[in-house]
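Visitor: For reference, the structure I am asking about is given below.
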Amino acid sequence: MAVKAMSGAELRGRAILKRVGIGACGVEVGVFRGVLSRYLVHNGVSRLFMVDNWLPESRQPKHYKETRDYCSGLTRDEAEANRQQALGVAAQSGGRAKLIQLSSVEAAALFNDRSMDFVFLDGDHSYAGVKADLAAWVPKVKIGGWICGHDYANALPQYDFSGVDRAVDEWASLWGVPVETDDNFTWFCRL
0 MAVKAMSGAE LRGRAILKRV GIGACGVEVG VFRGVLSRYL VHNGVSRLFM VDNWLPESRQ
60 PKHYKETRDY CSGLTRDEAE ANRQQALGVA AQSGGRAKLI QLSSVEAAAL FNDRSMDFVF
120 LDGDHSYAGV KADLAAWVPK VKIGGWICGH DYANALPQYD FSGVDRAVDE WASLWGVPVE
180 TDDNFTWFCR L
């Protein structure tokens, strides 16, 4: 019998749960359709805040569009269809997932400092976007918790995610923390 390969979302979810454990409370920034959210909620995260702006290409920041990230070029209908799928994930979570439709930085302002076990960044993959996300979200993570994300050392030629590496490396160097990597281009820093 053939073994089914794990999807990218399953690999990311497994890497997150390996660090945060069962019962963690966290934030996923850059939800897209909610596939990772579903995995996290169904496999042990007790509370998940799903943050995304679900904006069409015409309203995305120029620096984000320049990364050529698939999500930065969606039509209004595509962005709305993705939001609806994510809403379905939240609706099926038994009240453990909440969708927040704001920019990452705007959403971070809603959270108390040192209140989250983890924040997973997978939204704006530009240098400016990741740098702003780190500045906004690091204060929200508990000491001993994890700031983490996706697309670190991702050299796929169709995208320019080099800003992720640069922003994460600069921040980690400044804070004096190591950057751990795991499956599917994930990165993790423990506070």
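Numbering (numbering that gives the first Met the number 0), first residue to last: 0 to 190. The beta-carbon is built from N, C-alpha and C at its ideal position, and this holds for glycine as well.
#1: Look up residue 100 in the DSSP assignment and give the residues it is bridged to.
#2: So is residue 168 buried or exposed if we call it buried at 16+ other beta carbons inside 10 Å?
#3: Per DSSP, which one or two residues make a beta bridge with residue 173?
#4: Based on Cα-Cα distance, which residue from 32, 47, 137 and 7 lies nearest to residue 113?
#5: Can you tell me whether residue 105 is helix, strand or coil according to DSSP?
#6: Could you check which residue in 125, 33, 63 and 102 has the C-alpha nearest to that of residue 80?
#7: Using 8 angstroms as the limit for Cβ to Cβ distance, is residue 54 near chain C?
#8: Between the region 113 to 130 and the region 145 to 158, do three or more beta carbon pairs fall short of 8 angstroms?
#9: Curious, which full-length beta strand (DSSP E) runs of at least 3 residues does the region 108 to 153 contain?
Guide: Looking at the atomic coordinates:
#1: Under the DSSP definition of a beta bridge, residue 100 partners with 51.
#2: Looking at its Cβ environment, which holds fewer than 16 other Cβ atoms inside 10 Å, residue 168 is exposed.
#3: In DSSP, residue 173 forms no bridge with anything.
#4: Residue 137 holds the alpha-carbon nearest to the alpha-carbon of residue 113 among 32, 47, 137 and 7.
#5: In the structure shown, residue 105 sits in a helix (DSSP, three-state: H, G or I).
#6: Nearest C-alpha to residue 80: 33.
#7: Annotation note: the requested chain C is absent from the structure, which comprises a single protein chain.
#8: Contact between the region 113 to 130 and the region 145 to 158 is present: 3 or more CB-CB pairs across the two stretches fall below 8 angstroms.
#9: Fully enclosed beta strand (DSSP E) runs of no fewer than 3 residues occupy 115 to 120 and 140 to 148 of the region 108 to 153, in order along the chain.
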